[in-house]
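The opening position of the sequence shown corresponds to residue 1 in my numbering, with each subsequent residue numbered one higher.
Quick reminder that beta carbons are idealized off the backbone N, C-alpha and C, glycines included.
Predicted model only: the values in this text are computed from it and were never measured.
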Amino acid sequence: MIPMLSKNSVSMRDPKRVEQILTSMRNAGPSTLQVISDFDMTLTRFAHNGKRCPTSHNILDNSKLISEDCKAKLKNLLDTYYPIEIDSTRSVEEKLPLMVEWWTKAHELLVQQKISKDHLALAVRESEAMLRDGYQQFFDHLHQISVPLLIFSAGIGDVLEEVIRQAGVFHPNVKVFSNYMDFDESGVLQAFKGELIHIYNKREGALLNTEHFKELQSRYNVLLLGDSLGDLNMADGVMNLQNVLKIGYLNDKVDERRESYLKSYDIILEKDETMDVPNAILFYIT
Ligand code: C5P
Ligand code: MG
1 MIPMLSKNSV
11 SMRDPKRVEQ
21 ILTSMRNAGP
31 STLQVISDFD
41 MTLTRFAHNG
51 KRCPTSHNIL
61 DNSKLISEDC
71 KAKLKNLLDT
81 YYPIEIDSTR
91 SVEEKLPLMV
101 EWWTKAHELL
111 VQQKISKDHL
121 ALAVRESEAM
131 LRDGYQQFFD
141 HLHQISVPLL
151 IFSAGIGDVL
161 EEVIRQAGVF
171 HPNVKVFSNY
181 MDFDESGVLQ
191 AFKGELIHIY
201 NKREGALLNT
211 EHFKELQSRY
221 NVLLLGDSLG
231 DLNMADGVMN
241 LQNVLKIGYL
251 NDKVDERRES
261 YLKSYDIILE
271 KDETMDVPNA
281 ILFYIT
């Protein structure tokens, strides 16, 4: 029904079910749709020309705003905890406290760096962050048809907003839930605001934002995009949920993780650096 779903990178546990969901969403129309997407490694590229692209945290970690000493410490944290994040042999229960530890230590280090709000835009401009190919069509189309896009990220809100602003796609239909920086009166980072969002508490994060989902209660169909198994809970706050189609980017440790991704996502995209499939689906259902 959608030729793009025959692309090499696509796998589905149950193509018939995907077809049913797509038909139901198409019949219900764009006024019933909302899109909920993760940011890092879902809307942004995982790699480009064989080189890893940065997450919103890494944009800062690698920037001129961080001292060499602190960079080494942040790199050390990444080398310690990222392999745990993607380790399919450990349970969520085992990984959760370690992930909290990673985010907490990294945020403490960032706060020590006296980062100035005014320098964030330059750090993003000088970074190697890249949205996936086809991002413009994705954001512009959702804007044109007035479908809300919620970006739900365990990254850094101020940084990711700047990425989409500089790409020219921070349209009014885009809303972000993320970790936001708290600046003092002279514009220097002093803390992070509110409850920490890490990869395994997106459910709790969603449930804290009932007001947002209340406003969107007539939009009972959800297209969900993620790259981590923790992203599967991003739609848990949606009211009157009727259909949810979950698309998962499988970027890293593909062979080890394929089975668990196939079990929990409706469509998986293996080593696919584009928005081709989400775009084709959006054009089909709207
Ligand atoms: O936007 P998203 O929810 O995907 O952001 C979370 C990602 O940020 C994680 O997948 C993790 O690899 C990455 N991260 C990082 N540096 C940290 C903490 C998390 O790059 N200090
Ligand atoms: Mg992600």
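| query | result |
| --- | --- |
| Coarse secondary structure for T42, derived from DSSP in three states | coil |
| 8 Å CB neighbourhood of P287 in its chain, flanking five on each side removed | Residue 287 is absent from the structure shown; the chain starts at 1 and stops at 286. |
| Under the three-state DSSP convention, the category V159 falls into | helix |
| Nearest-residue set for the ligand MG, Cβ under 6 Å from any heavy atom | D38, D40, M41, T42, D227 and S228 |
| Other residues of its chain near A28: CB distance less than 6 Å, five sequence neighbours each side excluded | N221 |
| Bridge-paired residues (DSSP) for L142 | Its beta-bridge partners do not exist; DSSP assigns none. |
| Buried or exposed by the 16-neighbour rule on C-beta atoms within 10 Å, applied to N179 | buried |
| Sequence ranges, beta strand (DSSP E) only - wholly within the segment 83–122, length at least 3 | none |
| Cβ distance (whole Å) where G50 is taken to contact K117 below 8 Å | The pair is not a contact, with the Cβ atoms about 34 Å apart (cut-off 8 Å). |
| Nearest neighbour of L77, chosen from K105, N251 and A235 [CA to CA] | K105 |
| Same chain, Cβ closer than 7 Å to L98, five either side skipped, listed in chain order | Y81 and I84 |
| Anticipated Cβ contact below 8 Å, S56 with Q113, distance rounded | Actually they are not in contact, since the Cβ atoms of S56 and Q113 sit about 16 Å apart, beyond 8 Å. |
| Alpha helix (DSSP H) segment containing L208, residue limits | K202 to L208 |
| Whole-angstrom distance between D69 and F192, CA atom to CA atom | 22 Å |
| Three or more C-beta pairs below 8 Å linking the segment 230–240 and the segment 200–218 | yes |
| The ligand C5P heavy atom lying under 7 Å from the CB of R199 | It should be pointed out that residue 199 corresponds to Ile in this sequence rather than to Arg. Yes, the ligand C5P has a heavy atom inside 7 Å of this Cβ. |
| Residues of its chain near L229, where Cβ-Cβ distance is below 7 Å and the 5 sequence neighbours each way are ignored | S260 and S264 |
| K7 versus Q137: straight-line alpha-carbon distance, rounded | 19 Å |
| Backbone secondary structure at I268 - three-state DSSP | strand |
| Cβ neighbours of I59 in the same chain (closer than 7 Å, five flanking residues each side left out) | A123, V124, S127, A129 and V159 |
| In chain order, each alpha helix (DSSP H) run of at least 4 residues that lies wholly inside the segment 218–284 | 254–264 |
| Given I164 as reference, the closest of I197, F183, D140 and L22 once Cα atoms are compared | D140 |
| Extent of the continuous beta strand (DSSP E) to which N179 belongs | V174 to N179 |
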